[in-house]
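Protein sequences, first through last, are from chains A and B. Using the working numbering, the first residue of the first sequence is number 280, and each one after it goes up by one. Using the working numbering, the first residue of the second sequence is number 280, and each one after it goes up by one. Where a beta carbon is used, it is the ideal one built from N, C-alpha and C, also for glycine.
Number of protein chains: 2
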Amino acid sequence: MREQIVETAVVEFHRRGFAACSVDTITKAAGVPKGSFYNHFKSKEALAAEAVGRYAADAEWNSPVDPDLTPLGELRARFAAMRDVVAAYDYTRGCMIGNMGEEAADHSEVIRATVRECLDGWTTGIVALIQAAQAAGEVAQELNAELVGSFVLDSWEGAVLRAKVVKTGRPLDDFFVAVFDNLLR
Amino acid sequence: MREQIVETAVVEFHRRGFAACSVDTITKAAGVPKGSFYNHFKSKEALAAEAVGRYAADAEWNSPVDPDLTPLGELRARFAAMRDVVAAYDYTRGCMIGNMGEEAADHSEVIRATVRECLDGWTTGIVALIQAAQAAGEVAQELNAELVGSFVLDSWEGAVLRAKVVKTGRPLDDFFVAVFDNLLR
Chain A
280 MREQIVETAV
290 VEFHRRGFAA
300 CSVDTITKAA
310 GVPKGSFYNH
320 FKSKEALAAE
330 AVGRYAADAE
340 WNSPVDPDLT
350 PLGELRARFA
360 AMRDVVAAYD
370 YTRGCMIGNM
380 GEEAADHSEV
390 IRATVRECLD
400 GWTTGIVALI
410 QAAQAAGEVA
420 QELNAELVGS
430 FVLDSWEGAV
440 LRAKVVKTGR
450 PLDDFFVAVF
460 DNLLR
Chain B
280 MREQIVETAV
290 VEFHRRGFAA
300 CSVDTITKAA
310 GVPKGSFYNH
320 FKSKEALAAE
330 AVGRYAADAE
340 WNSPVDPDLT
350 PLGELRARFA
360 AMRDVVAAYD
370 YTRGCMIGNM
380 GEEAADHSEV
390 IRATVRECLD
400 GWTTGIVALI
410 QAAQAAGEVA
420 QELNAELVGS
430 FVLDSWEGAV
440 LRAKVVKTGR
450 PLDDFFVAVF
460 DNLLR
């Protein structure tokens, strides 16, 4: 029943947002008695933090990619996989990590800490690929990989937000050109 | 009384978010009777859309800057003015336009349309400065100013979100290096 609640929470928080999604919404959607919720979770906040972690762990970003890709090719393929997810939702929902950060970072320390961890982990992966691309001669040595890697993730989150607002993939297309043709060279 | 409600709504929606901020919260904070709200506004949504427009119109972005600056210098100065605002709030709140887009774009057409307009208008200003910087020889001609200008704004929104999550100005500092030293050159 705990697992059922977490899986439902990922979907419902992603679709509705934190404040607009109540414990009642989640237990109803999960088909479990509301009374059982607090046997498993201290609060809606605690569940939301767990749901963010689950969303990040399950993200398409972590799927296998063609092992023959260069480091820069892999970075592009990983973002392309994320773009496909955003497009499949018709540019609704956005990124749950970004949404939760936007909505709850000022109001819940446990959610803020989890969002931060997820973004840190994701940044580490991006930075490693940029460093490998530098070692392979695909990206100029003089770029600060840590700084640019962190910036690239922030840009992605901003582009996903803009896509949610304009309801087209154009901001994501712009991201690919600006990052892979103009910035990482 | 209408003006008092709009001004209070800008502050309260910015601080609390859309779903977490009720009509009751706003009328109490504005010191006006709750009953009077619907004499002035059709709904919380309608007020939120108006508040987003007001926030954008009043943004520090539109303040005068040193007229002797080059176009690229002006672009940097305008973002620096926004950074000062974000820092003055100790990296809480974030950008109200981004927040509202994140939270309400899927759920309110009137808010989505206003957020889109505000981002479009802001993009137009950024693009014009990049084009002027190209004309002045400060930025390479081969950059697509419209595409990069839109990307720069998305990156800014992403950086402000990250700053809200990490509660430091580092993502904003990274934005300045990546955009002004690495991208616009």
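Give the residues of chain B in contact with residue i, contact being defined as C-beta atoms less than 9 Å apart.
i	result
A/Arg372	Asp385
A/Arg362	Within chain B, no residue comes near A/Arg362; the closest Cβ sits about 14 Å away, beyond 9 Å.
A/Arg355	Within chain B, no residue comes near A/Arg355; the closest Cβ sits about 16 Å away, beyond 9 Å.
Under three-state DSSP, which class holds residue i?
i	result
B/Asn461	helix
A/Glu417	coil
B/Tyr370	coil
B/His293	helix
A/Ala384	coil
B/Ser434	helix
B/Cys300	coil
A/Met280	coil
B/Asn423	coil
B/Lys232	There is simply no residue 232 of chain B to check, as chain B begins at 280 and stops at 464 in what is shown.
B/Thr349	coil
A/Gly465	Because chain A spans 280 through 464 in this model, residue 465 of chain A falls outside it and cannot be assessed.
B/Pro450	helix
A/Val394	helix
B/Val444	helix
B/Ala338	coil
B/Val311	coil
B/Trp456	Reading the sequence as shown, one finds Val at residue 456 of chain B and not Trp. It is helical.
B/Val364	helix
B/Val344	coil
Which chain A residues sit within Cβ distance under 8 Å of residue i?
i	result
B/Trp435	Gly437
B/Arg395	Val444 and Val445
Rounded C-beta distance between residue i and residue j? I'm assuming under 8 Å.
i	j	result
A/Ala299	A/Leu351	About 39 Å; that fails the 8 Å criterion.
A/Ala360	A/Trp340	7 Å
B/Ala330	B/Ala288	4 Å
A/Arg464	A/Ala415	Not quite, the Cβ-Cβ distance comes to about 13 Å (not below 8 Å), so this is no contact.
B/Leu398	A/Val389	About 31 Å separates the two Cβ atoms, so there is no contact after all.
B/Phe454	B/Ala438	4 Å
B/Ala457	A/Leu462	7 Å
A/Leu408	A/Glu353	6 Å
Ignore the nearest five residues each way along the sequence and tell me which others in residue i's own chain have a CB closer than 6 Å to its CB.
i	result
B/Ala366	Gly448
B/Asn423	none
A/Arg281	His319
A/Gly377	Glu436
A/Val302	Phe316 and Lys323
A/His293	Arg372 and Met375
A/Arg441	Pro450
For residue i, would you say it is in contact with chain A, using Cβ-to-Cβ distances shorter than 7 Å as the test?
i	result
B/Pro450	yes
B/Asn461	yes
B/Val289	no
B/Asp369	no
B/Asp303	no
B/Ala457	yes
Considering only residues of the same chain and omitting the five flanking positions on each side of residue i, which have a CB-CB separation below 8 Å?
i	result
B/Ala356	Val344, Asp345 and Leu348
B/Val290	Ala308
A/Thr304	Glu291 and Arg295
Against chain B, with Cβ distances strictly below 7 Å, would residue i count as a contact?
i	result
A/Asp427	Note on identity: in this sequence residue 427 of chain A is Val, with Asp being the wrong assignment. By this cut-off, A/Val427 is an interface position.
A/Asn318	no
A/Asn378	yes
A/Ala298	yes
A/Glu421	no
A/Leu324	The sequence given here has Glu at residue 324 of chain A, not Leu. No, its Cβ sits nowhere closer than 7 Å to a Cβ of chain B.
A/Phe430	yes
A/Glu506	The requested residue 506 of chain A does not occur in the structure, where chain A is confined to residues 280 to 464.
How would you list, in chain order, the residues of chain B whose beta-carbon sits under 7 Å from the beta-carbon of residue i?
i	result
A/Leu398	Arg441 and Val444
Kindly list the residues whose CB is nearer than 7 Å to the CB of residue i, restricted to its own chain and excluding five residues on each side of it in sequence; keep chain order.
i	result
A/Phe297	Ala327, Met379, Glu382 and Ala383
B/Gln410	Ala424
B/Thr402	Gly428, Ser429 and Leu432
A/Glu417	Thr349, Pro350 and Leu351
Show which residues of chain B have a CB atom less than 8 Å away from the CB atom of residue i.
i	result
A/Ala359	Residues of chain B passing the Cβ test: none, with the nearest at roughly 17 Å.
Flag residue i as yes when its Cβ comes closer than 6 Å to any non-hydrogen atom of the ligand GTP, and as no otherwise.
i	result
A/Thr403	No copy of the ligand GTP appears in this structure; indeed no ligand is present at all.
Starting from residue i, find everything on chain A with Cβ-Cβ shorter than 7 Å and list it in chain order.
i	result
B/Glu388	By Cβ distance, chain A contributes nothing, its closest Cβ being about 10 Å from B/Glu388, past 7 Å.
B/Asp453	Leu426, Ser429 and Phe430
B/Arg391	Val444
Output yes if chain E places a C-beta closer than 7 Å to the C-beta of residue i; else output no.
i	result
B/Tyr334	Absence of chain E from the displayed structure is noted, the protein chains being A and B.
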